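Take a look at the structure below.
Protein chains: 2
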Amino acid sequence: MQQHDGPLSRLRRGHEELVLDLLRRHGPLSRAELGARCGLSRTTLYDIVGALVGNGAVVASVPDAERRRRGRPVERLALNPGAGQAIGIDLARRAVHVAAVNVAHEVVGSASRPHGPDLDLAGRIALAERMVGELAGDSLRLAALSAIGVGVVGPVTPSADGAADRERIAELLGKRFGVPVLVDNNTRLAALAESVWGTATGAQDVLYLRLSHGVGGGLVVDGALHRGAHGLSGEFGHITAVPGGPPCECGGTGCLETVASVGAVLAAHRAAGGAAADIADVTAAARAGEQPAASVLAEAGRHVGAALAAVCNAVGPGVVVIGGELAAAGEALTEPVRQALTAGLMPVSRPLVDLRPAALGEVGAALGGIALVLHRSPLLSRYPSHASQEGQGDGPGHDDA
Amino acid sequence: MQQHDGPLSRLRRGHEELVLDLLRRHGPLSRAELGARCGLSRTTLYDIVGALVGNGAVVASVPDAERRRRGRPVERLALNPGAGQAIGIDLARRAVHVAAVNVAHEVVGSASRPHGPDLDLAGRIALAERMVGELAGDSLRLAALSAIGVGVVGPVTPSADGAADRERIAELLGKRFGVPVLVDNNTRLAALAESVWGTATGAQDVLYLRLSHGVGGGLVVDGALHRGAHGLSGEFGHITAVPGGPPCECGGTGCLETVASVGAVLAAHRAAGGAAADIADVTAAARAGEQPAASVLAEAGRHVGAALAAVCNAVGPGVVVIGGELAAAGEALTEPVRQALTAGLMPVSRPLVDLRPAALGEVGAALGGIALVLHRSPLLSRYPSHASQEGQGDGPGHDDA
Chain A
64 MQQHDGPLSR LRRGHEELVL DLLRRHGPLS RAELGARCGL SRTTLYDIVG ALVGNGAVVA
124 SVPDAERRRR GRPVERLALN PGAGQAIGID LARRAVHVAA VNVAHEVVGS ASRPHGPDLD
184 LAGRIALAER MVGELAGDSL RLAALSAIGV GVVGPVTPSA DGAADRERIA ELLGKRFGVP
244 VLVDNNTRLA ALAESVWGTA TGAQDVLYLR LSHGVGGGLV VDGALHRGAH GLSGEFGHIT
304 AVPGGPPCEC GGTGCLETVA SVGAVLAAHR AAGGAAADIA DVTAAARAGE QPAASVLAEA
364 GRHVGAALAA VCNAVGPGVV VIGGELAAAG EALTEPVRQA LTAGLMPVSR PLVDLRPAAL
424 GEVGAALGGI ALVLHRSPLL SRYPSHASQE GQGDGPGHDD A
Chain B
64 MQQHDGPLSR LRRGHEELVL DLLRRHGPLS RAELGARCGL SRTTLYDIVG ALVGNGAVVA
124 SVPDAERRRR GRPVERLALN PGAGQAIGID LARRAVHVAA VNVAHEVVGS ASRPHGPDLD
184 LAGRIALAER MVGELAGDSL RLAALSAIGV GVVGPVTPSA DGAADRERIA ELLGKRFGVP
244 VLVDNNTRLA ALAESVWGTA TGAQDVLYLR LSHGVGGGLV VDGALHRGAH GLSGEFGHIT
304 AVPGGPPCEC GGTGCLETVA SVGAVLAAHR AAGGAAADIA DVTAAARAGE QPAASVLAEA
364 GRHVGAALAA VCNAVGPGVV VIGGELAAAG EALTEPVRQA LTAGLMPVSR PLVDLRPAAL
424 GEVGAALGGI ALVLHRSPLL SRYPSHASQE GQGDGPGHDD A
């Protein structure tokens, strides 16, 4: 991401982050106290502080005690509790999810709303805007918004279908809220969210797999979302599970998605004589140990575990997180996953990989949009050239190309 | 790696790197010129420059033209061409390789020497020291050495066998040269080297696979060597290639190493009626299209390609590099690898993964040791506490734990 920044803008951002970090840890400080702690020149510090006050991240005030003293009053600088807010939006398959955090990275609100399959992009964005507005009424000061991270369905690469949609999303939301808009694949964002706020909080190397209508996931590597050279990492659903197996939507054959997606599980359930049901019924039946649901989930789980083992031997994550509708089966899914994963892991690695269910549920990707914003820069809006470049909506995948 | 540093030491290192970078790009500068370009306070800049001059990274001198002028002469600061040198050592299975670079990251020398299987660790280290001494006689000023990176055989994790050996290596070399010693798996270092000086120079996401007596590799992710949560990434040789297949040295079954290592290829060649031969003969025969060598390499290649496809779908590298003795077969190996890799890749990714033979040969891991040093910090020796921590020889894997 950062290869477009020169060392000077990186340094400046580092200075800003240092000042914000000092104020976060020490509470309000005078300029002189800040200067003593950060090692910056007076000129540089005043410039940085001026910018932070200007964009609302920091507030300057004169304490009452100071006012009563003689001489020139000394201002105290403090984080603006209403600043640095970020919004995440997930334009999911048939629902919109939004979430918001404050400058302390605390989640201050989230909401989910399903919609029909016919709602077009403009309608979905309008819905997202209304939902953000409702959150804002409660707890957000939109004037202090620093950026918006948006999750979308499907691969996010410069060349893939959907680039035009992403540009339109970034343009519409960017105009509406006047801030940079970052777009990424929503499953990858859910991976990032699990590593920041979810079941893998604090883990530096996390593999997240989502077993839903599609099968995909994301890798967090050394604490950062990994995208791959062309924005095509995390395509776990297209690892070959059955060599020479059935055709997959992607154009390949025998992909994991053909045996471990919602559709594949429903089809296998019917083929095994199960009654017509929706996926929630099948996972509930499997959880209760009922056949054929339990066997169908176990078979899917074995394929998942084998594919995960290959990836884990290569990547070495400390935590593997499983989410999506199939995860509702609980141990009926995760136990066969664990067995196949263990069998396929190099023995020395077996005790070192921790398999866990996802924790964040349907707002995970919206939270991931926020994490994307916070990871890139807490003060993105200060860099108009950077911001406008990102506002084009090429998405992060483009930066990697 | 950097989670042990506080923001202030990170900032200081950032300042030093900025100053070095400015001198690298602009050539000699006065303190005033440096100050105008870097935005640091006079106090901070003088402090940073003083430290850089003190440790020999930067030299201060007064140009002749300046001496002839009236008034106080203005010193010019320049990179010390003899400083910042780094040495890499690969303690390979039956050979020692060493390499050295100067401050401009140019390779100034390398050497390889085979040894018998009975040479113990002390003997191998003594051999490495002699080889470094010979390089130093030509081109190195050991006084300016900033650190040594060492590659070793086998997994580098806190818990794995070999931790004691690694500590001893770090202790012996650290005492002898008086600098920090970083230890990592030599195959991972070869991966890093290919991304810095080899066939994948400049690529940010690289998968390197080495087909030798063992099968292993390394991942470069966003330009940095990836180690995984427990130092166990890059174990491509232990991805299951043949479910329920033959037992592997690792304790698993049907691993890629059981079908695509030097030993596996020689065994398959004999089983197919080939004459007893060493691996160089078999790869040469395959290259010339002779049977059964060509079929044996093709079969190994198909397994390699299938395993690589799973990893590539997950990780999304832009370049895949194949090295090790089997790579000497050229297209007789890489063409079947390419076919199986292509078949297993998600179609949208197929044109985006570039398969290449390794370029660096036997000194690759020694060069990777240098890259490890340069990537971690160009001025590691300035941080005694950091250095002594690393001098313990726990190896980088430990930092990740």
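Taken in sequence, the protein lines are chains A and B.
For the first sequence, this note's numbering assigns the number 64 to the initial residue and increments by one for each residue that follows.
For the second sequence, this note's numbering assigns the number 64 to the initial residue and increments by one for each residue that follows.
Cβ coordinates follow ideal geometry from the N, Cα and C atoms, glycine included.
Computed from a prediction, not measured in an experiment: that's the story for all the values here.
- Query: Taking contact to mean at least 3 C-beta pairs separated by less than 8 angstroms, is the segment 408-418 of chain A in contact with the segment 368-383 of chain A?
  - Reply: yes
> With distances taken from CA atoms, which of A/Ala331, A/Ala343, A/Ala162 is nearest A/Leu423?
Replying inline: In the first sequence, the residue the question calls residue 423 of chain A occupies position 360. The shortest Cα separation from A/Leu423 among A/Ala331, A/Ala343, A/Ala162 belongs to A/Ala162.
Exercise. Cβ of B/Glu257 less than 8 angstroms from any chain A Cβ?
Worked result: Here residue 257 of chain B corresponds to residue number 194 of the second sequence, with the count starting at 1. By this cut-off, B/Glu257 is not an interface position.
task: Can you have a look at A/Glu320 and say buried or exposed, based on whether 16 or more other CB atoms are within 10 angstroms of its CB?
output: The sequence position of residue 320 of chain A within the first sequence is 257, counting from 1. A/Glu320 comes out buried.
Evaluate contact between the segment 428-439 of chain A and the segment 375-395 of chain A, counting only Cβ atoms and requiring at least three cross-stretch pairs below 8 angstroms.
no
Check: B/Glu257 C-beta below 7 angstroms from any heavy atom of the ligand GTP
This structure simply doesn't include the ligand GTP, nor any ligand for that matter.
Inset, instruction - Grab the span of the beta strand (DSSP E) containing A/Ala391 for me, first residue to last. - result: For the purposes of this step, residue 391 of chain A is identified with residue 328 of the first sequence, where counting begins at 1. Premise fails: A/Ala391 is in no beta strand (DSSP E) and is neither H nor E.
Query raised in the report: Quick one: what does DSSP say B/Asp228 is sitting in, helix, strand or coil?
Result: Numbered from its first residue, the second sequence carries residue 228 of chain B at position 165. B/Asp228 falls in the helix class under three-state DSSP.
>> Would you say B/Pro441 lies against chain A (beta-carbon separation less than 8 angstroms)?
In response: By one-based count along the second sequence, residue 441 of chain B stands at place 378. A caution first: B/Pro441 carries a pLDDT of 35, below 50, which makes its placement in the model unreliable, though a value can still be read off. False, the Cβ-Cβ gap to chain A never drops below 8 angstroms.
For A/Thr316, which residues does DSSP report across the bridge? One-based indexing of the first sequence puts residue 316 of chain A at position 253. A/Thr316 is bridged to A/Pro310.
Does the distance from the CB of B/Thr262 to the CB of B/Ala421 come in under 8 angstroms? Residue 262 of chain B sits at position 199 when you count from the first residue of the second sequence. Residue 421 of chain B sits at position 358 when you count from the first residue of the second sequence. In this structure, B/Ala421 lies closer than 8 angstroms to B/Thr262 by Cβ.
- Buried versus exposed, by CB contacts within 10 Å (16 or more), A/His35: A query on residue 35 of chain A cannot be resolved here, the shown segment of chain A reaching from 64 to 464 and no further.
Tell me the DSSP secondary structure of A/Ser296 in three-state form. Numbered from its first residue, the first sequence carries residue 296 of chain A at position 233. DSSP places A/Ser296 in coil when its eight states are reduced to three.
Nearest to B/Gly214 (by Cα), restricted to the options B/Asn248, B/Ala185, B/Asp183, B/Gly186
In the second sequence, residue 214 of chain B corresponds to position 151, counting from 1. It is B/Asn248.
Under the three-state DSSP convention, the category B/Gln402 falls into
The residue you call residue 402 of chain B lines up with position 339 of the second sequence. Correct three-state label for B/Gln402: helix.
| field | Contact check, A/Gly432 vs A/Gly212, beta carbons under 8 angstroms | value | Position 369 of the first sequence holds residue 432 of chain A. Position 149 of the first sequence holds residue 212 of chain A. Yes. Within cutoff.
**Q.** A/Ala327 in three-state terms, based on DSSP
**A.** Numbered from 1 along the first sequence, position 264 holds the residue referred to as residue 327 of chain A. Correct three-state label for A/Ala327: helix.
Got a sec: is the Cβ-Cβ distance from B/Pro309 to anything in chain A below 8 angstroms? Taking the first residue of the second sequence as 1, we reach residue 309 of chain B at position 246. For B/Pro309, the answer is no, since every Cβ of chain A falls outside 8 angstroms of its Cβ.
Suppose the cutoff is 6 angstroms on Cβ atoms and the five residues either side in sequence are ignored; what does the same chain contact list for B/Ser202 look like? Stepping through the second sequence from its first residue, residue 202 of chain B is reached at position 139. Because the pLDDT at B/Ser202 is just 48, under 50, the model does not fix this residue reliably, and the point stays unresolved.
To which residues of the same chain is A/Asp417 closer than 6 angstroms at the C-beta, ignoring the five residues directly before and after it?
Position 354 of the first sequence, counted from the start, is the residue given in the question as residue 417 of chain A. For A/Asp417, where only same-chain residues beyond five positions count, the Cβ hits under 6 angstroms are Val382.
*So is B/Asn249 in contact with chain A if we call contact Cβ pairs under 8 angstroms?*
Working through the second sequence from its first residue, we reach residue 249 of chain B at position 186. Taking Cβ atoms only, chain A never reaches closer than 8 angstroms to B/Asn249, which makes this a no.
ask   = Is DSSP giving A/Ser104 helix, strand or coil here?
value = Taking the first sequence and counting its residues from 1, the one referred to as residue 104 of chain A is at position 41. Three-state DSSP puts A/Ser104 in coil, outside helix and strand.
With DSSP collapsed to three states, give me the class of B/Val359. Taking the second sequence and counting its residues from 1, one reaches residue 359 of chain B at position 296. Three-state DSSP puts B/Val359 in a helix.
Handout entry: Residue from B/Val122, B/Pro218, B/Asp228 with nearest C-alpha to B/Asp465
Key = The structure shown does not extend to residue 465 of chain B, since chain B spans only 64 to 464, so no value can be given for it.
task = Please name the residue, chosen from A/Val125, A/Leu86, A/Gly102, A/Leu97, that lies closest to B/Leu74 on a Cα-to-Cα basis.
result = Within the second sequence, numbered from 1, the residue matching residue 74 of chain B stands at position 11. When only C-alpha atoms are compared, the closest one is A/Gly102.
Practice prompt. Measure the beta-carbon distance from B/Leu282 to B/Val378 and round it to whole angstroms, keeping in mind my assumption that it falls under 8 angstroms.
Written response: Here the question's residue 282 of chain B lines up with position 219 in the second sequence. Here the question's residue 378 of chain B lines up with position 315 in the second sequence. Yes, B/Leu282 and B/Val378 are in contact; Cβ-Cβ is about 6 angstroms, under 8 angstroms.
Using only the alpha-carbon positions, how far apart do A/Ala331 and A/Met194 sit? Residue mapping note: residue 331 of chain A aligns to position 268 of the first sequence, counting from 1. Residue mapping note: residue 194 of chain A aligns to position 131 of the first sequence, counting from 1. Approximately 38 angstroms between the Cα atoms of the pair.
**OP:** Would you kindly work out how many angstroms separate the C-alpha atoms of A/Ser209 and A/Val242, rounded to a whole number?
**Re:** Indexing the first sequence from 1 puts residue 209 of chain A at position 146. Indexing the first sequence from 1 puts residue 242 of chain A at position 179. About 6 angstroms.
Taking A/Ser258 as part of the alpha helix (DSSP H), name the residues at either end of that continuous run. For the purposes of this step, residue 258 of chain A is identified with residue 195 of the first sequence, where counting begins at 1. Here the alpha helix (DSSP H) through A/Ser258 covers 249-259.
Taking a Cβ distance cut-off of 7 angstroms, strictly less, list which residues of the segment 306-336 of chain B are near chain A, in chain order. Cys313, Gly314, Gly315
*asked:* Let's test the definition: count the other Cβ atoms within 10 Å of the Cβ of A/Ala233 and tell me whether it reaches 16, buried, or not, exposed.
replied: Your numbering for residue 233 of chain A matches position 170 in the first sequence. A/Ala233 should be labelled buried.
task: Could you tell me the distance, in whole angstroms, from the CA atom of A/Val82 to the CA atom of A/Gly113?
output: On the first sequence, position 19 is the one that residue 82 of chain A refers to. On the first sequence, position 50 is the one that residue 113 of chain A refers to. In a straight line, the C-alpha of A/Val82 is about 12 angstroms away from that of A/Gly113.
Which whole-angstrom value describes the C-beta separation of A/Leu415 and A/Leu245, a residue pair presumed to lie in contact below a C-beta threshold of 8 angstroms? Numbered from its first residue, the first sequence carries residue 415 of chain A at position 352. Numbered from its first residue, the first sequence carries residue 245 of chain A at position 182. Not confirmed; about 33 angstroms, so no contact.
Inter-residue CB distance, B/Val219 and B/Gly291 (contact presumed, cutoff 8 angstroms): Within the second sequence, residue 219 of chain B is the residue found at index 156, counting from 1. Within the second sequence, residue 291 of chain B is the residue found at index 228, counting from 1. The Cβ separation is near 11 angstroms, so there is no contact.
* Locate the beta strand (DSSP E) running through A/Val382, then write down its first and last residues. => Within the first sequence, the letter at position 319 stands for residue 382 of chain A. Note, A/Val382: beta strand (DSSP E), 382-386.
Sequence-distant residues of the same chain with beta carbon closer than 6 angstroms to B/Pro447, five excluded per side
The sequence position of residue 447 of chain B within the second sequence is 384, counting from 1. Because the pLDDT at B/Pro447 is just 25, under 50, the model does not fix this residue reliably, and the value given afterwards should be weighed accordingly. Counting only Cβ-Cβ distances below 6 angstroms, and skipping sequence neighbours, we find nothing.
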